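For reference, the structure is listed below as structure tokens.
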Amino acid sequence: MENELQRLKAEAEEALHAIGDKAALEEFRVKFLGRKGLLSSTMKQLGKVSKEDRPRLGKLANTIKKGVEELFQDKKEVLESSGGGIVEDVDLSLPGRSLPFGKLHPVTQVMDEICAVFEGMGFAVAEGPDVETDHYNFEALNIPKHHPARDMHDTFYVSDSILLRTHTSPMQARIMENQEPPLRYIAPGKVYRCDSDITHTPMFVQVEGFLVDRKVSFADLKGVLSSFIHRMFRDDLPLRFRPSFFPFTEPSAEVDIACVFCGGSGCRICKRTGWIEILGAGLIDPEVMKMVGYDPDEFSGFAFGLGVERIAMLKYGIDDIRLYYENDLRFLSQF
Amino acid sequence: MKFTLSWLSEYISIEGLNPDQMADRLTMLGLEVDAVQELYAGLDAIVTAKVISVQKHPNADRLTLCEVEVGDETVPVVCGAPNVRAGLITAIARPGVCLPDGHKIKKAKVRGEVSMGMLCSWRELGISEDHAGIMELDSSLASGLPLVKVLDLIDTMIEIDLTPNRSDCASVLGVAREVAGFTHQTITPPVTETPTPDGSGVDFTVTIEEPELCPRYAARKLTGVVIKPSPWWLQRQLMAVGMRPINNIVDITNFVMLEYGQPLHAFDFQKLAGKAIVVRCPRGNEETFTTLDDTDRELSPDMLMICDSDKPIAVAGVMGGLDSEVTDATTELLLESACFNPVSIRRTARILNLPSEASYRFERGVDPNGILNAMERAVQLMCELADAQVVTGGVDKYPGKKDLLKLDLRVQRVNELLGTDLTSDQVAGYLRGIEIEVIDKGENILQVTVPSFRIDIEREVDLVEEIARLVGYNEIPTTLPTIAMDYPQRDPLRLLRQKTGSIFTALGFFEAINYSFVAENHFDMLALADDDSRRQCVKLLNPLTEEQAVMRTMLLPGMLENIRRNINFQQTDIRLFEIGKVFSFVAEGVLPEERYQFCAVMSGARYPDANPLYFSSDRTDVYDIKGAAQSLLQSLRVQGKSGVISFLADPENVQPYGEPSFTIRIMDGDQELGIISKLTRKAAREFAVKQDVYFLELDLEALLDLPRIDKAFGSLPRFPSVKRDIALLVPENVPAGALLQDIIAHKIENVVYADIFDVYSGKPIDEGMKSVALTVTYRSDEKTLDDETVDGFHNKIVHSLMSGFGGRYREGKE
Numbered sequence: 011m012e013n014e015l016q017r018l019k020a021e022a023e024e025a026l027h028a029i030g031d032k033a034a035l036e037e038f039r040v041k042f043l044g045r046k047g048l049l050s051s052t053m054k055q056l057g058k059v060s061k062e063d064r065p066r067l068g069k070l071a072n073t074i075k076k077g078v079e080e081l082f083q084d085k086k087e088v089l090e091s092s093g094g095g096i097v098e099d100v101d102l103s104l105p106g107r108s109l110p111f112g113k114l115h116p117v118t119q120v121m122d123e124i125c126a127v128f129e130g131m132g133f134a135v136a137e138g139p140d141v142e143t144d145h146y147n148f149e150a151l152n153i154p155k156h157h158p159a160r161d162m163h164d165t166f167y168v169s170d171s172i173l174l175r176t177h178t179s180p181m182q183a184r185i186m187e188n189q190e191p192p193l194r195y196i197a198p199g200k201v202y203r204c205d206s207d208i209t210h211t212p213m214f215v216q217v218e219g220f221l222v223d224r225k226v227s228f229a230d231l232k233g234v235l236s237s238f239i240h241r242m243f244r245d246d247l248p249l250r251f252r253p254s255f256f257p258f259t260e261p262s263a264e265v266d267i268a269c270v271f272c273g274g275s276g277c278r279i280c281k282r283t284g285w286i287e288i289l290g291a292g293l294i295d296p297e298v299m300k301m302v303g304y305d306p307d308e309f310s311g312f313a314f315g316l317g318v319e320r321i322a323m324l325k326y327g328i329d330d331i332r333l334y335y336e337n338d339l340r341f342l343s344q345f
Numbered sequence: 009m010k011f012t013l014s015w016l017s018e019y020i021s022i023e024g025l026n027p028d029q030m031a032d033r034l035t036m037l038g039l040e041v042d043a044v045q046e047l048y049a050g051l052d053a054i055v056t057a058k059v060i061s062v063q064k065h066p067n068a069d070r071l072t073l074c075e076v077e078v079g080d081e082t083v084p085v086v087c088g089a090p091n092v093r094a095g096l097i098t099a100i101a102r103p104g105v106c107l108p109d110g111h112k113i114k115k116a117k118v119r120g121e122v123s124m125g126m127l128c129s130w131r132e133l134g135i136s137e138d139h140a141g142i143m144e145l146d147s148s149l150a151s152g153l154p155l156v157k158v159l160d161l162i163d164t165m166i167e168i169d170l171t172p173n174r175s176d177c178a179s180v181l182g183v184a185r186e187v188a189g190f191t192h193q194t195i196t197p198p199v200t201e202t203p204t205p206d207g208s209g210v211d212f213t214v215t216i217e218e219p220e221l222c223p224r225y226a227a228r229k230l231t232g233v234v235i236k237p238s239p240w241w242l243q244r245q246l247m248a249v250g251m252r253p254i255n256n257i258v259d260i261t262n263f264v265m266l267e268y269g270q271p272l273h274a275f276d277f278q279k280l281a282g283k284a285i286v287v288r289c290p291r292g293n294e295e296t297f298t299t300l301d302d303t304d305r306e307l308s309p310d311m312l313m314i315c316d317s318d319k320p321i322a323v324a325g326v327m328g329g330l331d332s333e334v335t336d337a338t339t340e341l342l343l344e345s346a347c348f349n350p351v352s353i354r355r356t357a358r359i360l361n362l363p364s365e366a367s368y369r370f371e372r373g374v375d376p377n378g379i380l381n382a383m384e385r386a387v388q389l390m391c392e393l394a395d396a397q398v399v400t401g402g403v404d405k406y407p408g409k410k411d412l413l414k415l416d417l418r419v420q421r422v423n424e425l426l427g428t429d430l431t432s433d434q435v436a437g438y439l440r441g442i443e444i445e446v447i448d449k450g451e452n453i454l455q456v457t458v459p460s461f462r463i464d465i466e467r468e469v470d471l472v473e474e475i476a477r478l479v480g481y482n483e484i485p486t487t488l489p490t491i492a493m494d495y496p497q498r499d500p501l502r503l504l505r506q507k508t509g510s511i512f513t514a515l516g517f518f519e520a521i522n523y524s525f526v527a528e529n530h531f532d533m534l535a536l537a538d539d540d541s542r543r544q545c546v547k548l549l550n551p552l553t554e555e556q557a558v559m560r561t562m563l564l565p566g567m568l569e570n571i572r573r574n575i576n577f578q579q580t581d582i583r584l585f586e587i588g589k590v591f592s593f594v595a596e597g598v599l600p601e602e603r604y605q606f607c608a609v610m611s612g613a614r615y616p617d618a619n620p621l622y623f624s625s626d627r628t629d630v631y632d633i634k635g636a637a638q639s640l641l642q643s644l645r646v647q648g649k650s651g652v653i654s655f656l657a658d659p660e661n662v663q664p665y666g667e668p669s670f671t672i673r674i675m676d677g678d679q680e681l682g683i684i685s686k687l688t689r690k691a692a693r694e695f696a697v698k699q700d701v702y703f704l705e706l707d708l709e710a711l712l713d714l715p716r717i718d719k720a721f722g723s724l725p726r727f728p729s730v731k732r733d734i735a736l737l738v739p740e741n742v743p744a745g746a747l748l749q750d751i752i753a754h755k756i757e758n759v760v761y762a763d764i765f766d767v768y769s770g771k772p773i774d775e776g777m778k779s780v781a782l783t784v785t786y787r788s789d790e791k792t793l794d795d796e797t798v799d800g801f802h803n804k805i806v807h808s809l810m811s812g813f814g815g816r817y818r819e820g821k822e
């Protein structure tokens, strides 16, 4: 009996090994594992063996049967998974079944990224009104009426004293008026200028930022903005600071990055200079400090502003700013 | 501000700096270079030519056949210019030469006659706009000479985008001063000694009635003036910076303005009534004035005018008058060099819409101490180029004379603000390099005398900026601030917007951002009632177009425009949402109320861009948008203040642009949080959309105020649940949702879930009836429910439904 079992086991293993198709496998199953198969018939003989041997032989028979069944399953899986992926009615070259999903607007995506960098540095996020007073948009930022700097802002007016903010800088005054340093804020939002062509839309999105404390220096401004640009683009991106003018900062700076289109060798987009302007900044002007009641000898700070569309343009290579607000799905789905 | 390198090199050596290096240095000093343009490029092959003979073309009336000498050669050329004549020295483009406009010259036969080149006009060579005929050059020139040499055309123009503070650099001398700073030179201005006019020796008077508006006015008289064209060098410099040459006198005043930054004006002396200049505002009867562009200008009483004894003759600092203009007949001049109040000039130029090179400089401020030098320079040029004699003496009224500003500069302050480590000597050295006088008072304090041309320097911090600029921003160290650590509060509204955005993108919607201003007729297109509060909008005084004339009071119109645009570009399956502000008018002179709203639209296929292999091409319907709204509210875990947010079908209370039978109001008790509907056919037509549009409008800020369903753990069920289905036949007008509501209303503890899984009407169901199939799941936390108990619950529910809504039922058991 025991020999018989061992012989069957060897025979089954040999037979399985030789099998190359499903038909043969089925034949095998019937011959060895079927209800009237060899293993079953042999096991029926167990009733005839002596009482002492029965438990041991029964156990052995079961182990062997189980072993053969496992081998059979293995062989079955091997046969099914071969044949170039076509097995039964599964064609794994067909596309996956995915439900449609949408995307955030590229301006929102870039804005979130910008905010995340500054929030990581401990800046709080605040928002102000889009429709703003002349006072906060200009006067509180050291831009009196009839100042030539107003030429830099093509302003939409609602009335003599109310306008659509031309920058997010009014938030500097609004926040400083109500709080004491140390302050670290960014203020994202829509801004408006009455100008529309291939490089200007009458509405665009800016992020204003500022930091005020004791002994904040121009070197600190350079440090924070360099970190921001490197996190936003890449760590080895060359950048430079150069003098500029804003009535609410002194000294004022503009920051250029190496042209991301030509790598700095000079192209149409960077006007052959190899540099692309990315943001404006400066130390907060003492006049602005005085207007909100800070002592400029005690506190100093820096402020900066950047255009989100411009950064999106540089990151994604968008060449026509008007596309941003047409909400064409062929555009929105690219980002 | 434009200048040429040849002009700049009149005052300073620029050797060793190529144009790009020059541009880079200026940019890094704060004079941002906008353009570097090589002038007269492509003229290398153009040479001088002498016309030997001219004959009529045998086959064309307007053409001539010329014999032209070019160096050693003589070539035939067909010419159409009216001024061609024997002996004329002009310029020729020979075959093979390409003109600046791209036109290539070939050996040609013109009406049967051979032409070996083209005689050129100024315009054809891109040198000036003159196209009256071919160029007429100095008759003493030989032929065959390169034109660029003859006309001194090798030059580069640099344009600076001047910031409003740097009025001192609105002049070539000002730029030269900056270059002197970084090349360690001193500039040589054209005028070094200036006579001081004391009012003697002249037969005219100057009276300043408005000293606040005119701090200084100087004038001199010239006689024997001969008006004629300027010499080539002068014309060339003006044209190179984009100015049109007029005549010698006008050109000289323009040239000196660009050179010194001081606008000048020349009056025809013989037209000055009373031989007087009076600087004053218009009198009551002086309401209009004709400027030299022959336009009548309306005057206002606060505009500053230059007048003679009778009447205004110029708008001060903005534009001269037609009547006192220099003409070809002028022989005597009064030359004005003055300084006006910047704000006054700016206002006037704005009101008259007359921005000019002069007003540009005056409104930024001119150097009050530079007036006489500029005048002297112009006088010398007029004597040289207009045969003028200057009348000795002149007038110089200077009521606004001020001492030069002296500022104390704390070196420690400089270092604190910049993060630098400069010594007093270094700081003083930088300032002296740009002609600023510095005295070291000791103890790290420098006394700085601000030169009169730097009107932008008024405070210590302005000097700090000068130091920063001269050190070089990139040479200043880069550090990080040390500021107390903090994790600030986060704006809950911003978090809500972000969460809403992520839910809706997950639901397959793309985010749109539209302009905050829209067309006012959107309200009509949506058929809003006349008294609808959304018509109370904020209007712009100066919109760019009618399409962007008012601030939006709702988001939907912008999104309907987006749908139309997308359909036009074959994107017909649309899911868009926007989160943005709307603006409600409050009162005149008061800021409007700004509020964030949410709007989503769906149109076209239910599964846009989904593979038809797996997804049906069914059109989207109202259940899709309702489902999106439910997903949003569920994910946000908002709970009504009333305890529950309900979706209420209310055909009686709808928006004029929503189909009543498709309108669902999202309610928290009596408060409407939002609305779901289908756009009416009429509104869709107004927006030129032909397919069905479903929309969701939500008051996002109202959601912010609602209580949230707490996240609270409940133990996982230990006992199995039991599911029972009911298929009920009810009259067709019974809302299926009401059946579901009824089950929930029973509040049988052991009902853990109920939903509708099928609604069917039609055969074999009796007419007027429909079958609604519901599933209910029962479970107890205490024990395994046996069939008998469940049947008890279930029967109670079924009976309630039957008695409440009528109809038959069959029960299914799993």
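Protein sequences, first through last, are from chains A and B.
With positions in the first sequence counted from 1, the corresponding number in the working numbering is that position plus 10.
With positions in the second sequence counted from 1, the corresponding number in the working numbering is that position plus 8.
From the three backbone atoms N, C-alpha and C, an ideal C-beta is built for every residue, glycine too.
Keep in mind it's a predicted model, so treat the numbers as computed, not measured.
Beta-carbon proximity of residue i to residue j, cut-off 7 Å
i         : j         : result
B/Ile-571 : B/Val-697 : yes
B/Ala-637 : B/Ile-684 : yes
B/Gly-437 : B/Pro-485 : no
B/Gln-45  : B/Met-165 : yes
B/Arg-816 : B/Leu-724 : no
Beta-carbon contacts of residue i that lie in its chain and below 6 Å, excluding the five residues immediately before and after
i         : result
A/Cys-277 : Phe-271
A/Ile-196 : Phe-128, Phe-133, Val-135, Val-217 and Gly-219
Close Cβ partners of residue i (< 8 Å) along its chain, the five nearest in sequence each way excluded
i         : result
B/Pro-500 : Leu-712
Own chain, CB closer than 7 Å to residue i, minus 5 neighbours either side, in chain order
i         : result
A/Arg-64  : Leu-56
A/Asn-188 : none
B/Gln-64  : In the sequence as displayed, the identity of residue 64 of chain B is Lys instead of Gln. Closer than 7 Å at the Cβ level, and outside the excluded window around B/Lys-64, lie Thr-72.
B/Gln-194 : Position check: residue 194 of chain B holds Thr in this sequence, whereas Gln was assumed. Answer for B/Thr-194: Ala-188, listed in chain order.
B/Leu-300 : Met-327, Gly-328, Gly-329, Leu-330 and Glu-333
Test: residue i CB closer than 7 Å to a CB of chain B
i         : result
A/Lys-325 : no
A/His-240 : no
A/Ser-206 : yes
Neighbour flag for residue i against chain E, beta carbons, 7 Å
i         : result
B/Leu-488 : Annotation note: the requested chain E is absent from the structure, which comprises protein chains A and B.
Proximity test, residue i beta-carbon vs the ligand ZN heavy atom, cut-off 6 Å
i        : result
A/Asp-63 : The model depicted lacks the ligand ZN and carries no ligand whatsoever.
is_contact[residue i, chain A] using C-beta, thresh 7 Å
i         : result
B/Thr-171 : yes
B/Pro-600 : yes
Q. Does the segment 340-358 of chain B touch the segment 366-377 of chain B, meaning 3 or more C-beta pairs lie closer than 8 Å?
A. yes
Q. Would you say the segment 777-793 of chain B touches the segment 722-734 of chain B, given that touching needs at least three Cβ pairs under 8 Å?
A. yes
Q. On the three-pair Cβ rule with 8 Å, is the segment 544-555 of chain B touching the segment 585-600 of chain B?
A. yes
Q.
Whether or not the segment 131-147 of chain A and the segment 289-296 of chain A are in contact is what I'm after, with contact meaning three or more pairs of Cβ atoms, one per stretch, closer than 8 Å; do they touch?
A. no
Q) Does the pairing of the segment 223-235 of chain A with the segment 480-494 of chain B give three or more beta-carbon distances under 8 Å? A) yes
Q. Just checking, does the segment 227-244 of chain A make contact with the segment 472-485 of chain B on the three C-beta pairs under 8 Å criterion?
A. yes
**Q.** Cβ contact (3+ pairs, closer than 8 Å) linking the segment 115-129 of chain B and the segment 75-88 of chain B
**A.** yes
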